[in-house]
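Only one structure is covered here, and it is reproduced in the block below.
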Amino acid sequence: MTENAIVRVSEGELRGKVCANCTGNGSYFSFQGIPYARPPLGKLRFKAPQPPDKWTGIRDATQEGSGCYSKSLITNAIVGSEDCLFLNVYTPKVRKLLQVKVGKKIPENSLQLGSKKVLPVMVWIHGGGFTKGSGGTDLFGPDYLVEKDVVLVTLNYRVGALGFLAFSDPSIGVPGNAGLKDMVMALKWVQKNISEFCGDRKNVTIFGESAGAGAVHFLVLSPMAKGLFHKAIMQSGSALGSFIRSKHIFTYELAQKLGIDNHSDKLILSELQKVPIEELFKASQAIWDSFLISNIRPFCPVIEPKSKEPGFITEEPLELLKSGRYNKVPMIIGYNTLEGIFIYAFMKVFARRGSDYFLSDMSLVPYTLNLRINSEPFKRVSEEIRRMYGITGEENLMVKADMEKGIKLYTHNYFLTDIYKTALIHSKTSKFPVYFYRFDLDTDLNFIKKLGQVETKGAGHADDLPYFFKTILTDQPNADSLEYKLIQKMTKLWTNFAKVGNPTPAGQDLEIMWKPAKKDEFNFLSMENERFRLLIDPEKEFVDFWLNLFRKHQVQLSKL
0 MTENAIVRVS EGELRGKVCA NCTGNGSYFS FQGIPYARPP LGKLRFKAPQ PPDKWTGIRD
60 ATQEGSGCYS KSLITNAIVG SEDCLFLNVY TPKVRKLLQV KVGKKIPENS LQLGSKKVLP
120 VMVWIHGGGF TKGSGGTDLF GPDYLVEKDV VLVTLNYRVG ALGFLAFSDP SIGVPGNAGL
180 KDMVMALKWV QKNISEFCGD RKNVTIFGES AGAGAVHFLV LSPMAKGLFH KAIMQSGSAL
240 GSFIRSKHIF TYELAQKLGI DNHSDKLILS ELQKVPIEEL FKASQAIWDS FLISNIRPFC
300 PVIEPKSKEP GFITEEPLEL LKSGRYNKVP MIIGYNTLEG IFIYAFMKVF ARRGSDYFLS
360 DMSLVPYTLN LRINSEPFKR VSEEIRRMYG ITGEENLMVK ADMEKGIKLY THNYFLTDIY
420 KTALIHSKTS KFPVYFYRFD LDTDLNFIKK LGQVETKGAG HADDLPYFFK TILTDQPNAD
480 SLEYKLIQKM TKLWTNFAKV GNPTPAGQDL EIMWKPAKKD EFNFLSMENE RFRLLIDPEK
540 EFVDFWLNLF RKHQVQLSKL
């Protein structure tokens, strides 16, 4: 007998399925491939999403919808389509089933049917540098989180040029950030429909990793997202990161690569909307391939021009943060100890670029310092950084000792500094708690370290993901394993926060009380295999170095 369930949402009826949890603890309802916006095709390419159309009959929601057109995070093959604005809902219970059938594998008495109790909602925003990725179960299986009595929503959003192409003229109607506006539309869908899945629309936590964490922070900063969520978790990213910012100039470079030379923005847009997706993607990849790692990247979030139409973000993130003009909510934010492993992925993508490139002045000096390349101040800053990290210029990043130097430098430069700064400013400008962490778990679940063949102890960029989600890249751990115990601990912290705004509320058997970071006492939770410890001031010597570097060069707020 087919295991399925039918519910009704505002756009029509959905047929989902009933799944046994991979942990062996009960089952959950799965509704996949739900359209939360109209397909962004033709004249809607590059534009803000439109509300979804209604449908007649019962829509199949037993399989995931297509991911957005990009290269796979796993295989690097081109996957997905332009018609990709789908989300997935996983829930332990539903409010009202129109029909349910379960097979022998799943006893009907294991399901929570017709419940009136609402559950906290967690909305996951995937990473991928705003150039790739999806909310699919290959990397983001729901089992571990749903087991903790929350409703999990995962979603796709437009990436690359399709999601972030921008014109500086607001009258064109493409000011940028379509991919971020997709997330807003998905959150509006959640507000409208999540009660049918026993989700509490008044208790929504948004969380994401890497670029997904940056997106979460942009949602915190955006007036467009006001009231659509109530808590935020940012894993390895923030809106202050220079590697997730773009400029309008890349739109014209893309047009030139496609042979579109018209000087009218309106006509350029019209032509770009007609280009076959395969050609558009190939041309945009050629631009991406040429960017310098320390410069702004093409087709990422932009600051939109102010106009009569409401924008997603029209001011610099740092200005909004310091002025306190943002959506104030409780927050968890932190980083992994070996974030800098990501440079080894770049070294494979850009095979022609070796250690000399990744340790060059261009790569070492943050563009957010706004220093003219090869100027005397630029060279002085580069020299200060080299002295701090003991870089002579003779390093080979494929040799372990030099590799550890490179990983530490990139962890601090591209992640810790901006993440720390984000937490510090939020703690000063918001009455809500900011919980800071350092993720240092190191087990067989750390798949990024394996892929990079890095033996240094610690957690690489994205190595935290398998502690929250079932993935095809890691084996299901045994119930008596260290990995399983750490999964239980991490998901307990995150779901406690989603439920009550405190990851370690009284009465929980977590053996630790996680205190918020404060401006005069920067508490953080150090997550280690052996124990979780509450400490003060993560990697203080290096954090102070970077903060002083920015203070010394008097970075203007408008340049950050």
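Residue numbers (numbering that gives the first Met the number 0): 0 to 559. Backbone N, C-alpha and C fix where the C-beta goes; we use that ideal spot for every residue, glycine too.
- His411 and Pro537 have their C-alpha atoms roughly 11 angstroms apart.
- Boundaries of the beta strand (DSSP E) around Asn87: Phe85 to Thr90.
- Nearest to His125 by C-alpha distance, out of Pro119, Gly135 and Phe544, is Gly135.
- Lys551 sits in a helix when the DSSP states are folded into three classes.
- Within the same chain, and ignoring the five residues on either side of Val380 in sequence, the residues whose Cβ sits closer than 6 angstroms to its Cβ are Val364.
- By the criterion of a C-beta distance shorter than 6 angstroms, Trp545 is surrounded in its chain by Thr416, once the five residues flanking it on both sides are discounted.
- Comparing alpha carbon positions, the residue from Leu13, Leu319, Ala47 and Asn75 closest to Leu96 is Leu13.
- Between the alpha carbons of Leu253 and Pro304 lies a distance of about 20 angstroms.
- Annotated three-state conformation of Lys281 is helix, per DSSP.
- Taking all protein chains in view, the Cβ of Leu266 is surrounded by fewer than 16 other Cβ atoms within 10 Å, so the residue is classified as exposed.
- The DSSP assignment places complete alpha helix (DSSP H) segments of no fewer than 4 residues inside the stretch 323-402 at 341-348, 354-357, 360-363 and 375-388, in order along the chain.
- Secondary structure at Ile124: strand, using DSSP grouped into helix, strand and coil.
- Under DSSP, no beta-bridge partner is assigned to Leu440.
- Val117 has its alpha-carbon roughly 5 angstroms from the corresponding atom of Asp199.
- In the three-state reduction of the DSSP assignment, Thr204 falls in the strand class, which pools E and B.
- The beta carbon of Gly310 sits closer than 7 angstroms to those of Pro174 and Glu303, all from its chain and outside the five residues before and after it, given in chain order.
- Pairing Ile447 with Asp137 gives a Cβ-Cβ distance that is not under 7 angstroms.
- Burial check for Leu444: the Cβ neighbour count within 10 Å reaches 16 or more, so the residue is buried.
- When Cβ pairs closer than 8 angstroms are counted between the two stretches, the stretch 271-289 is seen not to touch the stretch 176-184, the count staying below three.
- Using a Cβ-Cβ distance cut-off of 8 angstroms, the stretch 67-76 and the stretch 20-31 are not in contact, since fewer than three pairs of beta carbons, one from each stretch, lie closer than that value.
- Within the stretch 213-242, the complete beta strand (DSSP E) segments at least 3 residues long are 230-234, listed from N- to C-terminus.
- By the criterion of a C-beta distance shorter than 7 angstroms, Lys427 is surrounded in its chain by Lys518, once the five residues flanking it on both sides are discounted.
- In the same chain as Phe468, and ignoring 5 residues on each side of it, the C-beta atoms closer than 6 angstroms to its own belong to Phe139 and Gly140, in chain order.
- Thr490 and Lys307 have their C-alpha atoms some 43 angstroms from each other.
- With a cutoff of 7 angstroms on beta-carbon distance, Arg94 and Cys197 are scored as near each other.
- DSSP places Pro119 within a strand segment (E or B) once states are collapsed to three.
- A distance below 7 angstroms separates the beta carbons of Ala165 and Val301.
- Here the alpha carbons of Ala516 and Pro316 stand approximately 20 angstroms from one another.
- Of the residues assessed, Met397 falls on the exposed side of the cut-off, its CB having fewer than 16 other CB atoms within 10 angstroms.
- The Cβ neighbour count for Met223, taken over all protein chains shown within 10 Å, is at least 16; the residue is labelled buried.
- Taking the CA atoms as reference points, Pro476 sits about 26 angstroms from Val120.
- The beta carbon of Ala461 lies closer than 6 angstroms to those of Ile447 in the same chain, with the five residues before and after it left out.
- Contact between Lys230 and Phe496 holds: their C-beta atoms lie close to 6 angstroms from each other, under 8 angstroms.
- Rounded to whole angstroms, the gap between the alpha carbons of Gly457 and Tyr334 is 11 angstroms.
- Residue nearest to Lys115 within the set Ile193, Tyr434 and Ala47 is Ile193 (criterion: CA-CA distance).
- Put simply, the backbone Cα of Leu485 is about 36 angstroms away from that of Lys321.
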